[in-house]
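As C-alpha cells, the structure follows; a few thoughts come after it.
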Amino acid sequence: DGGITQSPKYLFRKEGQNVTLSCEQNLNHDAMYWYRQDPGQGLRLIYYSQIVNDFQKGDIAEGYSVSREKKESFPLTVTSAQKNPTAFYLCASSRDRVAAEAFFGQGTRLTVV
Amino acid sequence: KNQVEQSPQSLIILEGKNCTLQCNYTVSPFSNLRWYKQDTGRGPVSLTIMTFSENTKSNGRYTATLDADTKQSSLHITASQLSDSASYICVVSPNTGNQFYFGTGTSLTVIP
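Heads up: the sequence lines are chains L and B, in that order. If you count the first sequence from 1, position 28 lands on 28 in the working numbering, and the numbers rise without skipping. If you count the second sequence from 1, position 89 lands on 89 in the working numbering, and the numbers rise without skipping.
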C-alpha cells in the first residue's frame, strides 16, 4: 500500500561518525522534506526537494546533507559537523502543488552515544 | 513573520470528557489549516483540513473550527478516549509554494 517508509526506526551513532537516514515514498509525490523534532519545539525544516536532482536548504541545514537521485528516495546524512544531532527525524512528501497535504513517515530516532 | 502558536502546551483530562485546543496563526496569504495527530514516537497523521471558506469541519469525535478573520482555529474533541492521548499539531499553509508552518503542538493526556 502507498506511503512513506523511514528506516531505521532507531539509530545510534558515535560522536564523529556520519550516518544516513533512509526515506522512500511510493505516492508518486514530487516534493519531499526532512524535519527535525525536539521536545517542546515545532518541526523544523532541514532540507526539501521539489524535483529530482534538486534540493534546497531549510532553516537548520548546517551539519546535514541530502541527495535526490530518484523521485522515490530522499536520504538524509547527518554529518559529524552537526553539533547536537540527537533528535527525532521526520521525512514527509507532498504533491507538487500549492498547499498540498504533507504525508509523514514514522520517523527515525537518532541518538549519539 | 509567519508563525503558528498553539495553546495550551499540555492538557490532562479524564476519559469521557471534552476538550478544546487552540491555534493562532499569522501566516499570510492563507491557503489552508490542518490539524495533525502525532502519537508518541510516530509520524503525524492528518485529522482535518480547513480552507478559507470553511468554518467548521468534523471527523468523527474531532471538530475543527476556523475564523479566518481573527486567524484562529480550534480543535474540539468530544467524549475523549485513552487513545486520544497524543500531540496535536496545527499546520498552516500559505497559497504560495510548498510550505508548511508548524505549531509546537499540544500534548494531550487522557486518564481513566
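Every residue, glycine too, gets a C-beta built ideally from N, C-alpha and C. Quick caveat: nothing in here was measured; it's all calculated off a predicted structure.
- In this structure, the alpha-carbon of L/ASN28 lies about 10 Å from that of L/ASP96.
- Pairing B/ARG34 with L/THR111, the inter-Cα distance amounts to about 30 Å.
- Across the structure, L/VAL19 and L/ARG13 are spaced so that their CA atoms are roughly 7 Å apart.
- Collapsing the DSSP output to three states places B/ASP84 in a helix.
- Collapsing the DSSP output to three states places L/ASP96 in coil.
- Exclusion of the five residues before and after B/SER46 leaves ARG34, TYR36 as the residues of its chain whose Cβ lies within less than 7 Å of its Cβ.
- Here DSSP, grouped into helix, strand and coil, assigns L/PHE55 to strand.
- Using a CB distance below 9 Å, the part of the region 95–112 of chain L facing chain B consists of ARG95, ASP96, ARG97, VAL98, ALA99, ALA100, GLU101, ALA102, PHE103, PHE104, GLY105, GLN106, GLY107, ARG109, ordered along the chain.
- Under the DSSP definition of a beta bridge, B/ASN24 partners with B/GLU5, B/GLN72.
- Taking a contact to require three or more Cβ pairs closer than 8 Å, the region 95–103 of chain B and the region 8–20 of chain B do not qualify as touching.
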